[in-house]
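These protein sequence lines are chains A and B, in that order. Using the UniProt record's numbering, you'd call the opening residue of the first sequence number 1 and step up by one each time. Using the UniProt record's numbering, you'd call the opening residue of the second sequence number 1 and step up by one each time.
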Amino acid sequence: MRSAACTLLALLSAASPALAGVKEVWWNVTYVENANPDGLFPRSAVGVNGTWPPPPIVINTTDSLVLHTTNSLSDPLTVHHHGMFFNSTSWMDGAMGVSSCGIPPGESFTYVVPINSSNQHGTYWAHAHSNGQYVDGLRTVLIIQPENETYAYDEEYTITIGDWYHDQHSVLINQFINIANPGGAEPVPSVSQCLSHVRSAKLMHVTRAEAPLMYFSQGESYLPPKEGSSPSGSTAGTGFNENATMSFEPGKTYRLRIANTGAFGGFYFWIDGHDMQIIEADGIETKPYTISQLNIGVAQRYSVLVTAKNDTSSNYAIHAAFDTTMFDTVPDDLNPNATSYIIYDSSSPTVEGTVDEFLSTPDIDLVPINPVPMQPSNANLTVTFEFDTMNDGTNHAVFYGAYNDDSFDSVTYNSPLTPAVMSALTLGDNATTSAAYGPLSFVVDHLQVLDITLRNADTGKHPFHLHGHVMQIVNFAEDYTSDDPALNPPINESQTNPMRRDTVLAPPGGAYTFRIIMDNPGVWFFHCHIEWHLESGLAIQIIEAPLQMQERNSLPSVLNDQCATLGLPYSGNAAGYASVTDLNGLPAGPWVQNNGWHSKAIGAMAGCVLTAVLGMATVVWYALGGHISEAEIEYEERLRIEAKAERGRFFGLAKKVKGLRVRPRTD
Amino acid sequence: MAKDLFSVTIFFIVFRETLEAAIIVSVLLGLVEQIIYEDPERLARIKDAQARADPETPGTDNALEKDPSASSDVSSTPELTSGVDDDIVTKRLLRKMRIQIFLGAAIGLLVACGVGAAFIAVWFTQAADLWANTEDLWEGIFSLIASVIIFIMGVTMLKMDRAKAKWRIKLQRAFSGEHVDRNTKAGKWVLFVLPCITVLREGMEAVIFVGGVSLGQQATSIPIAAVVGLICGLIVGYLIYAFASRTTLTVFMVVMTNFILLIGAGLLSKAVWYFESHAFAQIVGSDVDDTGGDGPGSYNVRGSVWHIDCCNPENNFDNSGWSIFAAIFGWTNSATIGSVLSYVFYWIAVMITLVYLKWKEGRTKVFGKESQAGVRRRERQEMLAAQEQEQQRLEETEKEGAREAAPIAEELVQ
Numbered sequence: 001m002r003s004a005a006c007t008l009l010a011l012l013s014a015a016s017p018a019l020a021g022v023k024e025v026w027w028n029v030t031y032v033e034n035a036n037p038d039g040l041f042p043r044s045a046v047g048v049n050g051t052w053p054p055p056p057i058v059i060n061t062t063d064s065l066v067l068h069t070t071n072s073l074s075d076p077l078t079v080h081h082h083g084m085f086f087n088s089t090s091w092m093d094g095a096m097g098v099s100s101c102g103i104p105p106g107e108s109f110t111y112v113v114p115i116n117s118s119n120q121h122g123t124y125w126a127h128a129h130s131n132g133q134y135v136d137g138l139r140t141v142l143i144i145q146p147e148n149e150t151y152a153y154d155e156e157y158t159i160t161i162g163d164w165y166h167d168q169h170s171v172l173i174n175q176f177i178n179i180a181n182p183g184g185a186e187p188v189p190s191v192s193q194c195l196s197h198v199r200s201a202k203l204m205h206v207t208r209a210e211a212p213l214m215y216f217s218q219g220e221s222y223l224p225p226k227e228g229s230s231p232s233g234s235t236a237g238t239g240f241n242e243n244a245t246m247s248f249e250p251g252k253t254y255r256l257r258i259a260n261t262g263a264f265g266g267f268y269f270w271i272d273g274h275d276m277q278i279i280e281a282d283g284i285e286t287k288p289y290t291i292s293q294l295n296i297g298v299a300q301r302y303s304v305l306v307t308a309k310n311d312t313s314s315n316y317a318i319h320a321a322f323d324t325t326m327f328d329t330v331p332d333d334l335n336p337n338a339t340s341y342i343i344y345d346s347s348s349p350t351v352e353g354t355v356d357e358f359l360s361t362p363d364i365d366l367v368p369i370n371p372v373p374m375q376p377s378n379a380n381l382t383v384t385f386e387f388d389t390m391n392d393g394t395n396h397a398v399f400y401g402a403y404n405d406d407s408f409d410s411v412t413y414n415s416p417l418t419p420a421v422m423s424a425l426t427l428g429d430n431a432t433t434s435a436a437y438g439p440l441s442f443v444v445d446h447l448q449v450l451d452i453t454l455r456n457a458d459t460g461k462h463p464f465h466l467h468g469h470v471m472q473i474v475n476f477a478e479d480y481t482s483d484d485p486a487l488n489p490p491i492n493e494s495q496t497n498p499m500r501r502d503t504v505l506a507p508p509g510g511a512y513t514f515r516i517i518m519d520n521p522g523v524w525f526f527h528c529h530i531e532w533h534l535e536s537g538l539a540i541q542i543i544e545a546p547l548q549m550q551e552r553n554s555l556p557s558v559l560n561d562q563c564a565t566l567g568l569p570y571s572g573n574a575a576g577y578a579s580v581t582d583l584n585g586l587p588a589g590p591w592v593q594n595n596g597w598h599s600k601a602i603g604a605m606a607g608c609v610l611t612a613v614l615g616m617a618t619v620v621w622y623a624l625g626g627h628i629s630e631a632e633i634e635y636e637e638r639l640r641i642e643a644k645a646e647r648g649r650f651f652g653l654a655k656k657v658k659g660l661r662v663r664p665r666t667d
Numbered sequence: 001m002a003k004d005l006f007s008v009t010i011f012f013i014v015f016r017e018t019l020e021a022a023i024i025v026s027v028l029l030g031l032v033e034q035i036i037y038e039d040p041e042r043l044a045r046i047k048d049a050q051a052r053a054d055p056e057t058p059g060t061d062n063a064l065e066k067d068p069s070a071s072s073d074v075s076s077t078p079e080l081t082s083g084v085d086d087d088i089v090t091k092r093l094l095r096k097m098r099i100q101i102f103l104g105a106a107i108g109l110l111v112a113c114g115v116g117a118a119f120i121a122v123w124f125t126q127a128a129d130l131w132a133n134t135e136d137l138w139e140g141i142f143s144l145i146a147s148v149i150i151f152i153m154g155v156t157m158l159k160m161d162r163a164k165a166k167w168r169i170k171l172q173r174a175f176s177g178e179h180v181d182r183n184t185k186a187g188k189w190v191l192f193v194l195p196c197i198t199v200l201r202e203g204m205e206a207v208i209f210v211g212g213v214s215l216g217q218q219a220t221s222i223p224i225a226a227v228v229g230l231i232c233g234l235i236v237g238y239l240i241y242a243f244a245s246r247t248t249l250t251v252f253m254v255v256m257t258n259f260i261l262l263i264g265a266g267l268l269s270k271a272v273w274y275f276e277s278h279a280f281a282q283i284v285g286s287d288v289d290d291t292g293g294d295g296p297g298s299y300n301v302r303g304s305v306w307h308i309d310c311c312n313p314e315n316n317f318d319n320s321g322w323s324i325f326a327a328i329f330g331w332t333n334s335a336t337i338g339s340v341l342s343y344v345f346y347w348i349a350v351m352i353t354l355v356y357l358k359w360k361e362g363r364t365k366v367f368g369k370e371s372q373a374g375v376r377r378r379e380r381q382e383m384l385a386a387q388e389q390e391q392q393r394l395e396e397t398e399k400e401g402a403r404e405a406a407p408i409a410e411e412l413v414q
């Protein structure tokens, strides 16, 4: 605790030039029993201070956030503040295995998020970045209020949507990365195997209707369930889905912040009878963009302005519908729609509508309010990812591609033993060698301009998130294999203000090019935010300016101690050695199957052919050697017939029976 | 498609059974000629039997002269009195006998085909519903049954070159009026009944085998294979009757047996493969069906020996002849330890069986040990050799006696 306090002081003094306040938050991360937000199944969830959902965090852009975290869980824990820059302090990023080893059970750590020095405001979120704890519930919105609002609105609501599983993450991940799931079918949200207990845990079996979650908050408090409803469980204080309501007053303008805090499912979001104007995406304020529905991937956030109607004659439904194209199987009983309500007048009837078709959200067309021009790129990472059954029979993600003309073959990501941040800080001059960090690690120099071209060779949509930066979306190819410039255009270098955000939904067969200015020394994770995919290796480490990191080194020593407690190295290369090449003991694989005609096959085939030839030789030997003459055959056959005649028919039974019958007479 | 329309296994089974029936018929034909031209005693008895109203009456024991014209029952066969007439009559008789044999064989074949067709029709229309969605488990069980049937068939087929001699004895005894069994009593209809029964028996055997093997096959794959097998068996049977010696028959049987054992080994390997595939499908559930085809995810990597993303004999859309390769050699593009080992063990079982059989038949020693039959053969050979030696000795002494006698004679002459 002392070292944490020292860190805090050091940081506060470092940040003092800005007019900084400090917002301190105390989180005791605990299991919350009997959480039943969808009213369908009570389960144990991961919450904060004994409650679920964890409280929203609201902070001013001039303040720094200090999150005192105590881990009361049984596994190590990290908390990640999604979208924050951390300004050269990437050990505070809370990505387990990349920025730290995690808080051991029973210990504490103080996360310092220097929001005051990163000039960020908008809709963000915080969640566990370790052992899938965010799937089990540790997730909440983080709202940064600017000093001056760009857009005028009367009131704001925050809408949190997300998938909700009835099984524990630990159960689901074992089913997902399993030889019984070679196709890599992701767990479908809210589907319970606990109750049905179907043998072999087919993901399609459900016993009741299920639904995703939608709930509202204003400021730091969740909106209670609508009057008259009486939800059960420890989550009864918050209104979910059909119990969640927000009130609109005629003529007012509302800012709705929508955050998908789920683990897998994307959503289509719309409000019956109301259009929406996008004004912010992932903390980047944009020029108003009118839209009727939002396609919002996991970890994406939008702010929309909605103008209330001028009459109170009816109330309207708010819909969050799962993008079920991402599910391998859609259970018959899964209700993919979460529906909540805008109430003008509680005595009015409610309008509940549907949409004819689901529309994607063209975020590349959004225009940031604060322009950041393109800079010419001087580093290039081109990666293609896909999923396949590996040589151990499980399904994993692999990347292949090239970094600055050095190509690499298909490989899946494994967390290094030494968090990459610690490697970068302790390897000295060797820290600039990518290989020292293990596969899928790429060292980029300070202030270089990196292009990441991300090609999706999979059949699903993947929300890719880069830590510590916003990515300029400088190019999109609908079909990266095409020769048609309409489908696969070259990068237009003359864009004056391309859209930027921290999480982009990559569609199947398409390619995005992201441009990032390397002005934030640290190690930053670039990964698919679908938890199942992250855990099956769909991730890359960008090691940004390691030498500058070393110059700015002020890693709190408590992080080293926590690694030691967990039995993990906290210096040296990915495997913990003061070496570039010696990665002995580093978790690796599984690998892409090397199918084909190899030595093992040739050997086995030779063995088969050999025995077959020997067998056939035996046939020849049997037939040809030791010749029996016709006379001998006839002789043997006569012997046989005589023996048979002697014995009688039916193996002598007939004779015996006859004998029995005859006996009385002979007597 | 080759796989759907021609079952190699069925072809071989029908071929083999047809061939055996053909051999028996050819033995009968040969025997009849032999009797007519060389064995007047039996001929007379047959004529006698044919002439009589009561077919049960066997030929009498009266010693007949070598001259065929000397019949014991002149009154019933008056046409045999003249030598020229006799020749014509003999030829006519031969024709009549041949017609009987072929008629018997044809009727046997017809009945067998009818029963077989009915059997298979019932099988596929009624029983096949039991495993309408032919799962890997069923395919495995059927392949296993087929591989065992083929094993037995293959081994017994090797003895078929001896069938001629065996049947000769059996049929001779039948003609001699000795009761081989109730159906082969010498009588008016012996030449009709014998081939009929034989062909029927082989035919039923074929039906049962085909039925057993066809469990795992599509109904469409049976007719063409069966008909082609039948035709080939008849052709080869005729060729053997017309031209071939026992040695060529032996060589032919060796080749055929090797072929059929290759199929059997492949079927056993496939059976094990199906069982493993079934077990994997149990674990994976519907997912393995989703993936289908080849490549990662379509098979269990654990225990895999090789997997090639092509050449799948089960691919119904484009298997480019791999299904034939699979039917004959048991090829799979996704071999497992189980499927490879079962293939190897099948052949090892063949080797052990054949070594044992050859030993039991007294044709070889194993580790210096002889079987009962071996001892019997050796003793008989020794006995024959001793007899021969005795005879030689006798001849030599005779010669010597002659040589000794010669000078005496000369002396006497002088």
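The beta-carbon is built from N, C-alpha and C at its ideal position, and this holds for glycine as well. Being a predicted model, the structure only gives us computed values, none of them experimental.
For threonine 140 of chain A and serine 304 of chain B, the gap between their C-alpha atoms comes out near 46 Å. With 16 or more other CB atoms across the displayed protein chains lying within 10 angstroms of its CB, phenylalanine 176 of chain A is buried.
Just so you know, the alpha carbons of arginine 378 of chain B and lysine 91 of chain B end up roughly 44 Å apart. By the criterion of at least three beta-carbon pairs nearer than 8 Å, the segment 67-81 of chain A is not in contact with the segment 156-168 of chain A.
By alpha-carbon distance to alanine 106 of chain B, the top candidate from B:Met160, B:Ile337, B:Leu191 is B:Leu191.
When secondary structure is reduced to three states using DSSP, methionine 374 of chain A falls in the coil class, being assigned neither helix nor strand. Look at the segment 164-181 of chain A: the residues with a C-beta under 8 Å from a C-beta of chain B are Ile179, Ala180, Asn181. The Cβ neighbour count for alanine 118 of chain B, taken over all protein chains shown within 10 Å, is under 16; the residue is labelled exposed.
Between isoleucine 296 of chain A and glycine 273 of chain A, the C-beta gap is not smaller than 8 Å, which leaves the two residues out of contact.
Beta-bridge pairing by DSSP links leucine 305 of chain A to A:Arg255, A:Gln277. The alpha helix (DSSP H) runs of length 4 or more contained entirely in the segment 193-260 of chain B are, from start to end of the chain, 222-242. Nearest C-alpha to serine 434 of chain A among A:His127, A:Ser360, A:Ile540, A:Ile517: A:Ile540. Going by DSSP, glycine 297 of chain A is part of no alpha helix (DSSP H) at all; its letter is neither H nor E. Beta bridge pairing from DSSP links valine 398 of chain A with A:Glu386.
Ranking B:Leu31, B:Ser221, B:Asp136 by CA distance to the CA of phenylalanine 280 of chain B puts B:Asp136 first. At least one CB atom of chain A sits nearer than 8 Å to the CB of tryptophan 347 of chain B. With its beta carbon less than 8 Å from one in chain B, threonine 618 of chain A belongs to the interface. Cβ-Cβ distances below 6 Å link valine 199 of chain B to Ala21, Ala105, Gly108, Leu109 in the same chain, with the five nearest sequence neighbours on each side left out; the list follows chain order. With distances taken between CA atoms, proline 212 of chain A lies nearest to A:Asp38 out of A:Asp38, A:Asn131, A:Thr235, A:Arg501. If you compare the alpha carbons of B:Thr125, B:Ile101, B:Gly321 with that of serine 26 of chain B, the shortest gap goes to B:Ile101. If the five residues before and after serine 269 of chain B are omitted, its C-beta is found closer than 7 Å to the C-beta atoms of Gly330, Ser339, Ser342, Tyr343, all from its own chain and listed in chain order. By the rule that beta-carbons nearer than 8 Å mark a contact, asparagine 300 of chain B touches chain A. Residues are counted here when their Cβ sits less than 7 Å from a Cβ of chain B; for the segment 602-615 of chain A these are Ala604, Gly607, Cys608, Thr611, Ala612, Leu614, Gly615, given in chain order. Residue state for methionine 383 of chain B is assigned as helix, using DSSP reduced to three classes. Within the segment 379-390 of chain A, those residues whose Cβ lies closer than 9 Å to any Cβ of chain B are, in chain order, Asp388, Thr389, Met390. Nearest in C-alpha terms to valine 306 of chain A, of all of A:Phe248, A:Val355, A:Phe358, is A:Phe248. Residues of the segment 229-261 of chain B with a Cβ closer than 7 Å to any Cβ of chain A, in chain order: Thr250, Met253, Val254, Thr257, Asn258, Leu261. Under the Cβ distance rule, asparagine 430 of chain A does not count among the residues neighbouring chain B, no pair being separated by less than 8 Å. Shortest Cα-Cα distance from valine 98 of chain A to any of A:Tyr622, A:Asp323, A:Cys563, A:Pro368 involves A:Cys563. Taking a C-beta distance under 8 Å as the contact criterion, phenylalanine 6 of chain B and serine 221 of chain B qualify as a contact pair. If one requires a minimum length of 4 residues, the alpha helix (DSSP H) runs lying completely within the segment 526-597 of chain A are 531-535, 546-551, 557-565, in chain order.
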